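Protein chains: 2
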Amino acid sequence: MSPSSLSPEELSERIGKAEQHYQDLSRRNLQLDMTRGKPSPEQLDLSDTMLSIVDGSNCKGDDGTDYRNYGIGTGIPEAKALFAKFMDVSTDEIIIGGNASLTMMYDAFVGGLLFGMPGSTGPWREQGGIKFICPVPGYDRHFAICERLGFEMINVDMGDDGPDMDAVETLVADDAAIKGIWCVPKYSNPTGATYSDEIAGRLATMKTAAPDFRIFWDNAYTVHHLGDGPDRVANILELCKETGNPDRPLMFGSTSKVTHAGSGVAMMAASVANIKDAAEKLFYSTIGPDKINQLRHVRFFGDLDGLLAHMEKQAASIAPKFSAVDAALEKNLAGKGLATWTKPRGGYFVSVDVLDDCAAEIIDLAGKAGVKLTPAGATFPYGKDPKDSNIRLAPTMPSVYEIEQAMEVFCACVELVCVRKLRESEAPE
Amino acid sequence: MSPSSLSPEELSERIGKAEQHYQDLSRRNLQLDMTRGKPSPEQLDLSDTMLSIVDGSNCKGDDGTDYRNYGIGTGIPEAKALFAKFMDVSTDEIIIGGNASLTMMYDAFVGGLLFGMPGSTGPWREQGGIKFICPVPGYDRHFAICERLGFEMINVDMGDDGPDMDAVETLVADDAAIKGIWCVPKYSNPTGATYSDEIAGRLATMKTAAPDFRIFWDNAYTVHHLGDGPDRVANILELCKETGNPDRPLMFGSTSKVTHAGSGVAMMAASVANIKDAAEKLFYSTIGPDKINQLRHVRFFGDLDGLLAHMEKQAASIAPKFSAVDAALEKNLAGKGLATWTKPRGGYFVSVDVLDDCAAEIIDLAGKAGVKLTPAGATFPYGKDPKDSNIRLAPTMPSVYEIEQAMEVFCACVELVCVRKLRESEAPE
Numbered sequence: 495m496s497p498s499s500l501s502p503e504e505l506s507e508r509i510g511k512a513e514q515h516y517q518d519l520s521r522r523n524l525q526l527d528m529t530r531g532k533p534s535p536e537q538l539d540l541s542d543t544m545l546s547i548v549d550g551s552n553c554k555g556d557d558g559t560d561y562r563n564y565g566i567g568t569g570i571p572e573a574k575a576l577f578a579k580f581m582d583v584s585t586d587e588i589i590i591g592g593n594a595s596l597t598m599m600y601d602a603f604v605g606g607l608l609f610g611m612p613g614s615t616g617p618w619r620e621q622g623g624i625k626f627i628c629p630v631p632g633y634d635r636h637f638a639i640c641e642r643l644g645f646e647m648i649n650v651d652m653g654d655d656g657p658d659m660d661a662v663e664t665l666v667a668d669d670a671a672i673k674g675i676w677c678v679p680k681y682s683n684p685t686g687a688t689y690s691d692e693i694a695g696r697l698a699t700m701k702t703a704a705p706d707f708r709i710f711w712d713n714a715y716t717v718h719h720l721g722d723g724p725d726r727v728a729n730i731l732e733l734c735k736e737t738g739n740p741d742r743p744l745m746f747g748s749t750s751k752v753t754h755a756g757s758g759v760a761m762m763a764a765s766v767a768n769i770k771d772a773a774e775k776l777f778y779s780t781i782g783p784d785k786i787n788q789l790r791h792v793r794f795f796g797d798l799d800g801l802l803a804h805m806e807k808q809a810a811s812i813a814p815k816f817s818a819v820d821a822a823l824e825k826n827l828a829g830k831g832l833a834t835w836t837k838p839r840g841g842y843f844v845s846v847d848v849l850d851d852c853a854a855e856i857i858d859l860a861g862k863a864g865v866k867l868t869p870a871g872a873t874f875p876y877g878k879d880p881k882d883s884n885i886r887l888a889p890t891m892p893s894v895y896e897i898e899q900a901m902e903v904f905c906a907c908v909e910l911v912c913v914r915k916l917r918e919s920e921a922p923e
Numbered sequence: 495m496s497p498s499s500l501s502p503e504e505l506s507e508r509i510g511k512a513e514q515h516y517q518d519l520s521r522r523n524l525q526l527d528m529t530r531g532k533p534s535p536e537q538l539d540l541s542d543t544m545l546s547i548v549d550g551s552n553c554k555g556d557d558g559t560d561y562r563n564y565g566i567g568t569g570i571p572e573a574k575a576l577f578a579k580f581m582d583v584s585t586d587e588i589i590i591g592g593n594a595s596l597t598m599m600y601d602a603f604v605g606g607l608l609f610g611m612p613g614s615t616g617p618w619r620e621q622g623g624i625k626f627i628c629p630v631p632g633y634d635r636h637f638a639i640c641e642r643l644g645f646e647m648i649n650v651d652m653g654d655d656g657p658d659m660d661a662v663e664t665l666v667a668d669d670a671a672i673k674g675i676w677c678v679p680k681y682s683n684p685t686g687a688t689y690s691d692e693i694a695g696r697l698a699t700m701k702t703a704a705p706d707f708r709i710f711w712d713n714a715y716t717v718h719h720l721g722d723g724p725d726r727v728a729n730i731l732e733l734c735k736e737t738g739n740p741d742r743p744l745m746f747g748s749t750s751k752v753t754h755a756g757s758g759v760a761m762m763a764a765s766v767a768n769i770k771d772a773a774e775k776l777f778y779s780t781i782g783p784d785k786i787n788q789l790r791h792v793r794f795f796g797d798l799d800g801l802l803a804h805m806e807k808q809a810a811s812i813a814p815k816f817s818a819v820d821a822a823l824e825k826n827l828a829g830k831g832l833a834t835w836t837k838p839r840g841g842y843f844v845s846v847d848v849l850d851d852c853a854a855e856i857i858d859l860a861g862k863a864g865v866k867l868t869p870a871g872a873t874f875p876y877g878k879d880p881k882d883s884n885i886r887l888a889p890t891m892p893s894v895y896e897i898e899q900a901m902e903v904f905c906a907c908v909e910l911v912c913v914r915k916l917r918e919s920e921a922p923e
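Heads up: the protein sequence lines correspond to chains A and B, in order.
Taking the working numbering, I'd label the letters of the first sequence as residues 495 to 923.
Taking the working numbering, I'd label the letters of the second sequence as residues 495 to 923.
Structure follows, in structure tokens:
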């Protein structure tokens with residue numbers, strides 16, 4: 495029964511019950527945090543043997559190079575070999591960096607601003623009024639980079655298989671100030687959507703007014719499935735080569751959510767021209783990445799199969815948490831017409847869309863009851879969700895028991911705020 | 495006997511001998527490298543126990559924070575406590591970063607360009623025609639950053655106790671486009687000079703036309719003595735606080751030449767205002783540094799005394815190499831009027847000044863005989879040594895035996911090229 499079919503009296507009664515339920519839950523004095531996509535201690539434990547896998551006796555490369563010393567600005571060859579397979583590129587199409595792909599993305603933007611990219615007519619900063627396409631909802635750190643560096647962000651809706659390509663194609667065809675688009679192609683943050691081949695193909699093929707348009711392809715969750723093996727996603731670099739746009743994509747990956755989140759290995763893959771350009775830019779700011787940590791990763795995984803086997807263990811650890819989120823949503827909110835939510839096959843998030851103008855209040859109420867959620871609006875550029883309806887849930891860090899408790903509070907808040915909103919909207923003016 | 499007192503016949507005979515000596519040495523087919531300030535394998539061995547000092551059982555901070563996970567953008571408190579002492583600042587005056595202080599310096603420049611610094615009237619990029627003072631000879635990577643980012647470099651001579659402050663004071667007093675000065679205050683690269691208190695005081699006190707003038711105080715060799723304990727150098731931050739210029743210095747340090755060169759820990763120390771500004775800038779490009787590697791360093795050293803004891807071992811390893819360089823120079827070149835050289839008490843280099851217009855040819859000849867030296871001009875902005883007279887020797891990486899061989903070649907090249915030059919200069923026009 496949809497709440498909108500309830501009489502005013504029935505609505506009031508339901509709100510009364512919801513308020514009572516919320517008050518009861520608040521008295522539990524919970525302290526739970528579902529704000530960020532952080533791995534749990536159990537997940538981190540899976541990689542602990544990596545910490546002591548390299549010592550003084552085995553810190554050299556296959557060619558005898560001492561990885562304790564300076565040098566090798568773009569990463570050790572053993573790591574390039576492994577992660578080239580991981581990113582599905584060749585070893586001259588990849589740079590292995592430090593511990594953060596976010597740094598590599600930020601540096602790519604700064605490099606574009608200060609020096610331009612292959613295909614640029616000059617540094618972006620000299621072109622004025624530059625813009626970037628942001629599929630929404632999306633990742634707050636992506637949007638923060640654009641805002642910080644003065645890119646005007648243009649929202650485009652995310653669908654179940656990628657961004658609204660009609661909108662994207664129209665935008666980029668005419669406006670040379672649009673320098674790129676953010677994409678999280680697999681298990682997107684936060685919706686969990688995986689890009690279809692058709693959408694990847696259209697991104698590779700579309701005409702762009704900017705000669706130096708870039709797809710920032712942040713494949714952060716490429717092996718992060720929930721038990722049924724990774725989704726397949728098209729190789730955007732190969733598609734772009736086929737369509738004569740080899741320099742269009744910059745692909746990013748990392749092991750932050752594979753091994754240890756603070757001590758992983760980040761990478762950028764792209765055309766040889768882009769890699770050469772990035773390496774030239776990198777020269778001025780580093781003598782080389784932490785090669786020992788790269789070697790730890792190579793030794794720990796052995797090969798790509800080893801990495802994929804490791805991700806099966808990660809999936810076994812986190813799948814029950816996603817199930818707990820979904821079970822609570824189904825039990826408490828299904829069929830009520832108050833919210834819809836995603837059922838991701840991988841990634842780190844569940845995305846919930848509640849009735850318009852309710853998200854911020856739900857998040858606020860949940861916080862007051864001891865359940866911290868990602869701040870309202872965080873999944874949109876400038877922190878502004880135009881409909882105030884999207885909420886990101888991050889279930890990996892808490893235990894299943896904590897998630898059950900947190901979700902009880904969350905669902906109670908959705909019920910309370912959304913039913914109140916219905917009463918408001920039905921009240922006589 | 496000075497060569498200039500020799501007759502033309504005597505000069506020719508001496509050149510003939512020098513040519514013969516060089517030919518003999520060339521036939522040894524040496525392959526030696528004294529180009530870069532890299533630690534030797536023996537030095538690196540000293541830190542090998544660090545590699546396995548942190549494992550899954552002890553990867554938490556004193557407050558229970560799991561350092562395997564995301565977070566703590568400016569470094570773990572244990573590392574701040576240790577390296578604040580190392581840099582002689584308080585724990586709120588330091589950021590502990592990744593593996594490269596070069597990256598922190600580059601990022602500081604880029605941050606100034608894009609956003610300005612505390613005290614700036616706006617981003618440096620909007621001010622046009624910005625400049626930087628470069629004491630010469632100096633560090634090529636410093637100069638590369640300035641050149642890359644479009645700073646006009648102004649040479650100022652280095653003396654035995656720091657840069658020519660009369661020149662510096664005159665320059666900065668009138669020109670607001672001069673945004674800062676590079677300083678390697680202890681065992682300077684390449685001359686080995688340590689700044690006197692007087693010069694540090696003048697740097698802290700001097701009037702600068704730019705309100706956001708910065709001293710880039712790259713204290714890369716602060717504990718890197720050759721056996722007699724570290725030189726004392728003034729605390730530039732304290733001096734600048736006393737003179738009302740607390741935001742003037744940005745101090746950099748790292749363990750690249752303390753533990754493992756590729757896997758060390760870098761740091762920036764400065765006023766609280768500068769640190770807050772840098773942390774805000776850092777937010778956009780990272781979730782946090784490699785905290786496990788920071789913890790390794792803390793566990794390995796224990797405290798500052800442990801670090802200093804470790805540097806005694808480093809000194810014992812490299813001091814004989816510097817002695818070998820000096821012995822060769824004394825034996826082959828003393829009293830000849832062809833070259834002068836430094837006798838550093840620490841650091842990584844010996845700086846040799848040969849007769850004008852001879853350095854490039856000496857380096858070229860040595861290379862042809864199998865001894866690679868730092869490229870001519872590298873110690874000057876734009877790679878241009880105005881007198882073509884400075885040569886940097888980096889003795890840490892080769893063995894003492896290799897250094898003896900390399901120095902025999904080097905001295906032979908100095909003899910040959912410089913005596914030839916004397917003949918040229920004395921030849922009738």
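C-beta: ideal position from N, C-alpha, C; glycine also.
Since we're looking at a predicted model, the values are computed, not measured.
Check, Outcome
"Could you tell me which of A/736, A/891, A/621 sits nearest to residue 560 of chain B, measuring between CA atoms?", "A/891"
"Of the choices A/917, A/879, A/914, A/705, whose alpha-carbon is the least far from that of residue 651 of chain A?", "A/879"
"Would residue 885 of chain A pass as an interface residue toward chain B - the criterion being a Cβ-Cβ separation below 9 angstroms?", "no"
"Quick one: what does DSSP say residue 640 of chain B is sitting in, helix, strand or coil?", "helix"
"Does the count of Cβ pairs from the stretch 594-612 of chain B and the stretch 754-774 of chain B closer than 8 angstroms reach three?", "yes"
"Hey, is the stretch 524-544 of chain A in contact with the stretch 748-765 of chain A, meaning 3+ C-beta pairs nearer than 8 angstroms?", "yes"
"In the DSSP assignment, find the alpha helix (DSSP H) that holds residue 601 of chain A and state where it starts and stops.", "595-609"
"Residue 888 of chain B touches chain A at which residues, Cβ-Cβ below 8 angstroms?", "Those within 8 angstroms of residue 888 of chain B in chain A number zero; the least Cβ separation is about 12 angstroms."
"Under 9 angstroms Cβ-Cβ, which residues of chain A neighbour residue 535 of chain B?", "560, 562, 563"
"Rounded to whole angstroms, what is the Cα-Cα separation between residue 843 of chain A and residue 633 of chain A?", "11 angstroms"
"List, in chain order, every chain B residue whose beta-carbon is nearer than 8 angstroms to that of residue 785 of chain A.", "756, 757"
"Can you check whether the C-beta of residue 530 of chain B is within less than 9 angstroms of a C-beta belonging to chain A?", "yes"
"Can you say whether residue 785 of chain B is buried or exposed, counting buried as having 16 or more other CB atoms within 10 angstroms of its CB?", "buried"
"DSSP has residue 861 of chain A in a bridge; who is on the other side?", "Residue 861 of chain A is not bridged to any residue."
"On a Cα-Cα basis, can you pick out the residue from B/527, B/540, B/524 that is closest to residue 810 of chain B?", "B/540"
"How about residue 495 of chain B: is its C-beta nearer than 9 angstroms to some C-beta of chain A?", "A caution first: residue 495 of chain B carries a pLDDT of 42, below 50, which makes its placement in the model unreliable, though a value can still be read off. Residue 495 of chain B does not count as touching chain A."
"Can you give the beta carbon distance from residue 860 of chain A to residue 867 of chain A, rounded, assuming they're within the 8 angstroms contact cut?", "5 angstroms"
"Should residue 619 of chain B be flagged as near chain A, meaning a C-beta pair shorter than 9 angstroms?", "yes"
"With a Cβ-Cβ cutoff of 9 angstroms, do residue 714 of chain A and residue 739 of chain A count as a contact?", "no"
"Of the residues A/882, A/813, A/823, which one's Cα is nearest the Cα of residue 722 of chain A?", "A/813"
"Can you list the beta strand (DSSP E) stretches of 3 or more residues lying completely in the stretch 799-885 of chain B, in chain order?", "833-835, 844-848, 865-867"
"Indicate the three-state DSSP secondary structure (helix, strand or coil) for residue 726 of chain A in the structure shown.", "coil"
"Since residue 914 of chain A is in the alpha helix (DSSP H), which residue starts that stretch and which ends it?", "894-920"
"Taking its Cβ as the centre, do 16 or more other Cβ atoms sit within 10 Å of residue 825 of chain B, making it buried, or is it exposed?", "exposed"
"Ignoring anything shorter than 4 residues or poking outside the stretch 544-587 of chain B, list the alpha helix (DSSP H) runs there in chain order.", "571-581"
"What would DSSP say about residue 665 of chain B, mapped onto helix, strand or coil?", "helix"
"For residue 925 of chain A, go through chain B and note every residue whose CB falls closer than 8 angstroms to its CB, in chain order.", "What the structure shows of chain A is the stretch from 495 to 923, and residue 925 of chain A is not part of that stretch, so it cannot be assessed."
"Let me check understanding here. Comparing Cα to Cα, which of A/887, A/556, A/863, A/865 lies closest to residue 871 of chain A?", "A/887"
"How big is the Cα-Cα spacing for residue 736 of chain B and residue 587 of chain B?", "16 angstroms"
"Identify which residue in A/535, A/549, A/654, A/702 has its Cα closest to the Cα of residue 538 of chain B.", "A/549"
"Which class does residue 659 of chain B belong to by DSSP, given the choice of helix, strand or coil?", "helix"
"Please determine if the stretch 673-681 of chain B and the stretch 700-719 of chain B are in contact, where contact requires at least 3 C-beta pairs separated by less than 8 angstroms.", "yes"
"Listed in chain order, which residues of the stretch 579-594 of chain B have Cβ atoms closer than 9 angstroms to some Cβ of chain A?", "592, 593, 594"
"Buried or exposed for residue 577 of chain B, please, with buried defined as at least 16 other CB atoms from any protein chain shown within 10 angstroms of its CB.", "buried"
"DSSP three-state call for residue 764 of chain A: helix, strand or coil?", "strand"
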